[in-house]
Structure formats: C-alpha cells, structure tokens
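First the structure, in the form of structure tokens, and then the observations on it.
Put into structure tokens, the structure is as follows:
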C-alpha cells in the first residue's frame with residue numbers, strides 16, 4: 001500500500017535549509033572528519049524534520065527497493081537517477097533509507113557519508129526552484 005501525502009512548499013524549504021550543512025560534510029577530506037560530523041546536532045535536527053514535515057511516507061518500501069534496484073546498495077552511484085527524480089521518488093528513497101536504518105544500523109550514516117543526502121536535497125531544491 002502506498003500513500004503519497006501532500007507536502008507544503010514551506011515544509012520542503014525547511015529540509016532544503018540543511019543542504020549547506022550536508023555540502024560542508026561532503027567537502028571534508030577524510031572519512032574520519034566526516035564521521036565526526038555525524039555526531040553533531042544538525043544531523044538529529046534533519047532526522048526530526050523529515051518526520052515533522054511529513055516528508056517520509058507510509059508505503060511498502062522494501063517492494064519499492066526491489067523494483068528500483070539501483071538504490072538498494074548505498075555504494076551505488078545514484079546521481080544520474082536522482083537528478084531525474086520527481087518529488088515522490090525523492091520521498092520514497094529517503095523513507096527507504098530511514099526505514100532501512102532500523103534493520104541495518106548505520107545505513108543512514110552511510111547514506112550521509114557517501115553524499116546521497118546531499119544529492120537528494122540538491123534535487124529537491126531544483127524541483128522547488130522550477
């Protein structure tokens with residue numbers, strides 16, 4: 001079952017507000033520096049905003065990942081796919097990462113470290129600017 005709820009521009013804008021932070025994390029040179037950033041308050045605030053804004057969806061995320069194989073392995077380069085993604089896909093992808101973290105501890109940290117969150121927020125900003 002999939003339920004795509006509406007989300008307001010203001011709520012999306014609150015999430016895009018974290019883009020600068022994630023770009024700074026991506027710009028750090030060493031894996032150690034990036035891992036140190038995972039402990040900071042902005043990560044927890046972003047996580048909470050995903051829930052508070054209603055960005056996350058109630059749907060069968062495991063089946064969705066089975067149908068969208070490229071996103072299953074977080075080591076995959078998803079940039080080309082994300083740059084073409086619509087809002088619903090970005091929401092489903094983010095939800096899959098958050099829900100997946102419950103079963104695979106550290107998955108969301110990995111998504112941050114490899115730049116996927118930055119790619120998602122960059123695409124979200126592009127969609128909002130249209």
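Residue numbers (UniProt numbering): 1 to 130.
For every residue, glycine included, the Cβ atom is placed at its ideal position computed from N, Cα and C.
Residue range of the unbroken alpha helix (DSSP H) whose run includes residue i
i	result
residue 119	116-129
residue 34	31-37
residue 80	79-82
Three-state class that DSSP yields for residue i in the structure shown
i	result
residue 55	coil
residue 62	helix
residue 22	helix
residue 106	coil
residue 7	coil
residue 88	helix
residue 76	coil
Cβ-based burial, residue i [other Cβ within 10 Å; buried from 16]
i	result
residue 9	exposed
C-beta atoms of residue i and residue j nearer than 8 Å
i	j	result
residue 78	residue 119	yes
Assumed close pair residue i, residue j - CB separation to whole angstroms, cut-off 8 Å
i	j	result
residue 56	residue 50	5 Å
residue 30	residue 64	Not a contact, Cβ separation roughly 34 Å.
residue 98	residue 25	Their Cβ separation, rounded to whole angstroms, is 18 Å, which puts residue 98 and residue 25 out of contact at 8 Å.
Check: residue i C-beta below 7 Å from any heavy atom of the ligand COA
i	result
residue 48	In the structure on display, the ligand COA does not appear, and there are no ligands present to speak of.
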